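The structure under discussion appears below in the form of C-alpha cells.
Numbering (my numbering), first residue to last: 17 to 96.
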C-alpha cells in the first residue's frame, strides 16, 4: 500500500512531495479535527491523490484554492 511518508501506509494518502521526510508526530495529525475531517472528505482525498501522482504540478493546480492550501499547510505544519 502506498503511503505518505510517516503515515504508516494510510490508504489514499500517498507520498506528498514537499512534505518533508522523517517521522512526524502523528498524534498532532490524528488529534486535529480539521485534518481528520479532510481524510473523510472525498474532494480532499482526490487532492491528496493528485498530489501523490503529480507532485508539485498538482500543488500548483490548487495554489489559488484557499481551502486546499490551508489544509496542506496545516498538515505540513503538523508534520514539522
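Quick reminder that beta carbons are idealized off the backbone N, C-alpha and C, glycines included. As the structure is a prediction and not an experimental result, all values here were calculated from the model.
### Query
Short check: CB of residue 60 to CB of residue 87, under 8 Å?
yes
### Task
For the alpha helix (DSSP H) holding residue 70, just list the boundary residues, first then last.
58 to 70
### Message
For residue 85, which residues in the same chain have their Cβ closer than 7 Å to its Cβ, ignoring the five residues on either side in sequence?
### Response
78, 79
### Task
Locate the alpha helix (DSSP H) running through residue 89, then write down its first and last residues.
82 to 95
### With 16 other Cβ atoms within 10 Å as the buried cut-off, status of residue 76
exposed
### Message
On the CB-based measure, 16 or more other CB atoms within 10 Å of its CB, does residue 73 come out buried or exposed?
### Response
exposed
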